[in-house]
Amino acid sequence: MKVFEPIEIKGMKLKNRIGLPPLLNMPAGEEGHINDLTVRWFEERAKGGTGLIMTGTINPRPPAPSGGAGAGLLGMRGLTLHDDEYIPGFAKIAEAVHAHGAKLGIQIGLGGPMAGQGPSPPPYPDERHATDDLFYVILGFRVPVRELSIEELEQIEDDIAAAAARAKAAGLDCVELHCGHGGATLHSSFISPYYNKRTDKYGGDWEGRLRLPVETIQKMRKAVGKDYPILVRISADHFLGKWGVTLEDTTKIIVPALEKAGVDCFDVTQGDMIRSNEGIQIPLYYPRGCFIHLAAAVKQVTRVPVIGVGRIVDLDMAEKFLQEGKADIIFMGRQLTSDPETPKKYLEGRPEDIRHCIGCLAGCGRPCAINYDIQDEPIPLTTAEKPKKVLVIGGGVGGMEAARIAALRGHKVTLMEKDSALGGMVAALALTPLTAEFGNIVDYLATQMRKLKVEVRVCKEVTVADVEELKPDVVILAAGSSLILPEETRDKPGVMNHIESLKRKREIGHKVVIWGLVAAELALSLAEEGKDVILMGRAGEDTLARDYNMTRKWYVFRKLTDVNVPRETPEAARVSNPEVLYNINVEDITAGEIRIVDNEGAKRVLPYDTLIISRERAVNDSLFDALQGKAAEVYKIGDCSQVGEIKDAVWSANEVARKI
Ligand SMILES: Cc1cc2nc3c(=O)[nH]c(=O)nc-3n(C[C@H](O)[C@H](O)[C@H](O)COP(=O)(O)O)c2cc1C
Numbered sequence: 001m002k003v004f005e006p007i008e009i010k011g012m013k014l015k016n017r018i019g020l021p022p023l024l025n026m027p028a029g030e031e032g033h034i035n036d037l038t039v040r041w042f043e044e045r046a047k048g049g050t051g052l053i054m055t056g057t058i059n060p061r062p063p064a065p066s067g068g069a070g071a072g073l074l075g076m077r078g079l080t081l082h083d084d085e086y087i088p089g090f091a092k093i094a095e096a097v098h099a100h101g102a103k104l105g106i107q108i109g110l111g112g113p114m115a116g117q118g119p120s121p122p123p124y125p126d127e128r129h130a131t132d133d134l135f136y137v138i139l140g141f142r143v144p145v146r147e148l149s150i151e152e153l154e155q156i157e158d159d160i161a162a163a164a165a166r167a168k169a170a171g172l173d174c175v176e177l178h179c180g181h182g183g184a185t186l187h188s189s190f191i192s193p194y195y196n197k198r199t200d201k202y203g204g205d206w207e208g209r210l211r212l213p214v215e216t217i218q219k220m221r222k223a224v225g226k227d228y229p230i231l232v233r234i235s236a237d238h239f240l241g242k243w244g245v246t247l248e249d250t251t252k253i254i255v256p257a258l259e260k261a262g263v264d265c266f267d268v269t270q271g272d273m274i275r276s277n278e279g280i281q282i283p284l285y286y287p288r289g290c291f292i293h294l295a296a297a298v299k300q301v302t303r304v305p306v307i308g309v310g311r312i313v314d315l316d317m318a319e320k321f322l323q324e325g326k327a328d329i330i331f332m333g334r335q336l337t338s339d340p341e342t343p344k345k346y347l348e349g350r351p352e353d354i355r356h357c358i359g360c361l362a363g364c365g366r367p368c369a370i371n372y373d374i375q376d377e378p379i380p381l382t383t384a385e386k387p388k389k390v391l392v393i394g395g396g397v398g399g400m401e402a403a404r405i406a407a408l409r410g411h412k413v414t415l416m417e418k419d420s421a422l423g424g425m426v427a428a429l430a431l432t433p434l435t436a437e438f439g440n441i442v443d444y445l446a447t448q449m450r451k452l453k454v455e456v457r458v459c460k461e462v463t464v465a466d467v468e469e470l471k472p473d474v475v476i477l478a479a480g481s482s483l484i485l486p487e488e489t490r491d492k493p494g495v496m497n498h499i500e501s502l503k504r505k506r507e508i509g510h511k512v513v514i515w516g517l518v519a520a521e522l523a524l525s526l527a528e529e530g531k532d533v534i535l536m537g538r539a540g541e542d543t544l545a546r547d548y549n550m551t552r553k554w555y556v557f558r559k560l561t562d563v564n565v566p567r568e569t570p571e572a573a574r575v576s577n578p579e580v581l582y583n584i585n586v587e588d589i590t591a592g593e594i595r596i597v598d599n600e601g602a603k604r605v606l607p608y609d610t611l612i613i614s615r616e617r618a619v620n621d622s623l624f625d626a627l628q629g630k631a632a633e634v635y636k637i638g639d640c641s642q643v644g645e646i647k648d649a650v651w652s653a654n655e656v657a658r659k660i
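For the sequence shown, our numbering begins at 1 and goes up steadily by one.
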């Protein structure tokens, strides 16, 4: 397979074509130092078989708060390499990574407008819609941006070159200059006509806007010598239409200029973190591998190797892209987080053991929602001192994870599920087209049940008598939670709860009212299927998609509210389906009609074919008290202990199953 064939970048020999892209949330010690956790984090990925490993963005300057010329990416501190005293730390990572046959590179970059420093202060184009910027939506504020002087820029170029030389001295195999992600980084924002309005030599035309990256690469080259690989990360399309960098700008102007400056490999990403973050922290709503055409376009215009990235979670897809000549190397970010052993398991002929990323963006490195071990101090997974008879009640994600861990530890495990299939609420949510990737964790766990010989009984509602008969040593109650139907909806035709609506999709009519702002993804999915959808809730706008992470929240918010991606004309307005109604009280429900009133007293009658309820959930823990004394140990985990997210179910399962 091509994906496991070696490849060379300027003399750096990679054993395969799989790489870990930069991920900022690697562990960092005090003052940006490397500690044991940092080393272990990188070593895990090397052990798993990845050929090339990049660090997240490393600050080449003394860390400074937002707006200072040393502000790291997002103004965060993270790891730094601004002084020789940091070299031994990086040498330790290099040694650990090399021991497993992988290569290590650092990404060097500085924060841009997002961290309060940039080519020019705002206003930027299309300020009418500036409230859709990521920070505004997530945090509710924006950082003031300071224009850096020519002296500061020259100093930054020198500092980056010095950091590159330190990386080489530490025994690292390559360095990458971060020139991607628009407003997130200094170099990308200088390239972008959206942020760079300077009239001095660092702005004006393409030559001026490319001066900072070109001069930086030239200084890096001097610092590391002619035989050392320098990679550059670019956003091939900033997704800002005519205001930002387009793919045509990239292929015609940017790639040739950077190649001429001495770049040995293009790491092709996309998007602008402030305005179009969907290219960077890509939510599960986007199809796997959806941005590979950008790497393919860059490959057409350069002779040096090209890296493609973006929601590539399976090696068959990586192989296909390599075979098609769309890229030379494939970066897998969150996949190598959710399962650092992805390449190893594939090579060992057990792809079914790979835990595929679900794209939820809940952590992505520390922690990962579906992999409990991705954290600083997990409870170790040890063989149990005394094998016990364990009964798990409930076959959702939490129950299956508890069964998996208990079986791995040597316990004899039986799992009983009242439905006919495993997966519980997560499997149902995976029936929503936008969140279909949730199915990855259900499939993985169901497969592990078979492989670990967990005795699974479906269609089995457990009673106290069953437990008395089975006589387990340990009972783990993982019976989940149930959506509560408000009194006034009971026995009304066309009413379903959220989970039922996913299982009985064919019965959903054309006019749909969804009661519960939490069901934003369902509302969008149904609207995309052509239904007429109204999403309504008692709370205000600030609660919309409140519990979603970063770009997921941002995507949903953008789609459902009047803030939007930059529009070329004011007429290009949002289509208001689904319509979202806030601060709503329901006055009355009759067959096919809901009478509502908002906080200001305005009344409306909403006709519906189907009314979907997605509001409070109640824990299904009624067995818990009844089971006390029926086994030596009785626990409850997941939703049935406290209503939460996928991560909470996986976490609580491990916290119990690793200790019994
Ligand atoms: C939590 C997180 C941190 C990231 N940090 C960086 C970073 O420091 N530098 C960078 O260039 N890209 C960063 N990225 C983007 C990733 O390198 C990668 O391009 C992105 O995750 C898409 O790849 P994937 O779908 O395989 O994860 C980050 C992404 C995530 C989700």
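Glycine included, C-beta positions come from ideal geometry on N, C-alpha and C. Since this is a predicted model, take the numbers as computed values, not measurements.
For residue i, the first and last residue of its enclosing alpha helix (DSSP H)
i	result
A402	V397 to L408
D466	V464 to L470
Y444	G439 to K451
A261	V255 to A261
K647	I646 to A657
E215	R211 to V224
Neighbour-count burial assignment, residue i, 16 or more Cβ in a 10 Å radius
i	result
C357	buried
G19	buried
I484	exposed
S149	exposed
L391	buried
T216	buried
L614	The residue asked about is misnamed: residue 614 is Ser in this sequence, not Leu. S614 should be labelled buried.
P380	exposed
C360	buried
Q628	exposed
W651	buried
A427	buried
K505	exposed
S622	exposed
H181	buried
K226	exposed
T382	exposed
K222	exposed
P6	exposed
G509	exposed
Host beta strand (DSSP E) of residue i (start-end)
i	result
D267	C265 to T269
P27	Counting along the chain, P27 falls outside any beta strand (DSSP E), and DSSP gives it neither H nor E.
E8	I7 to I9
L37	No beta strand (DSSP E) holds L37; the alpha helix (DSSP H) holding it covers D36 to K47.
I108	K103 to I108
S189	Run containing S189: none in the beta strand (DSSP E); it sits in the alpha helix (DSSP H), L186 to I191.
Inter-residue Cα distance where the pair is residue i and residue j
i	j	result
I589	G540	22 angstroms
G480	G644	10 angstroms
E44	C179	27 angstroms
M416	V97	43 angstroms
M496	L452	37 angstroms
V551	A523	Reading off the sequence, residue 551 comes out as Thr, not Val. Going from the Cα of T551 to the Cα of A523 covers about 18 angstroms.
K659	S120	55 angstroms
F4	G109	30 angstroms
Y444	G398	13 angstroms
M449	P486	37 angstroms
P229	T55	15 angstroms
L336	T342	7 angstroms
A318	E95	28 angstroms
Which parts of the stretch 152-181 are runs of the beta strand (DSSP E), unbroken and 3 residues or longer, counting only runs that do not cross its ends?
174-179
Inspect the CB distances between the stretch 637-657 and the stretch 491-502 and report whether three or more fall short of 8 angstroms.
no
Is the stretch 228-237 close to the stretch 179-191, with three or more CB pairs under 8 angstroms?
yes
May I have a chain-ordered list of the alpha helix (DSSP H) segments no shorter than 4 residues that lie completely inside the stretch 275-303?
292-299
Those runs of the alpha helix (DSSP H) which lie wholly inside the stretch 468-541 and span at least 4 residues:
498-503 and 520-528
Any chance you could list the alpha helix (DSSP H) runs of at least 4 consecutive residues sitting entirely within the stretch 606-637, in chain order?
622-627
Mind pulling the beta strand (DSSP E) runs of 3 or more residues that sit fully within the stretch 309-348?
329-331
Is there contact between the stretch 450-470 and the stretch 411-426, where contact requires at least three CB pairs shorter than 8 angstroms?
yes
Do the stretch 245-261 and the stretch 510-523 make contact, defined as three or more Cβ pairs closer than 8 angstroms?
no
Inspect the CB distances between the stretch 365-375 and the stretch 598-609 and report whether three or more fall short of 8 angstroms.
no
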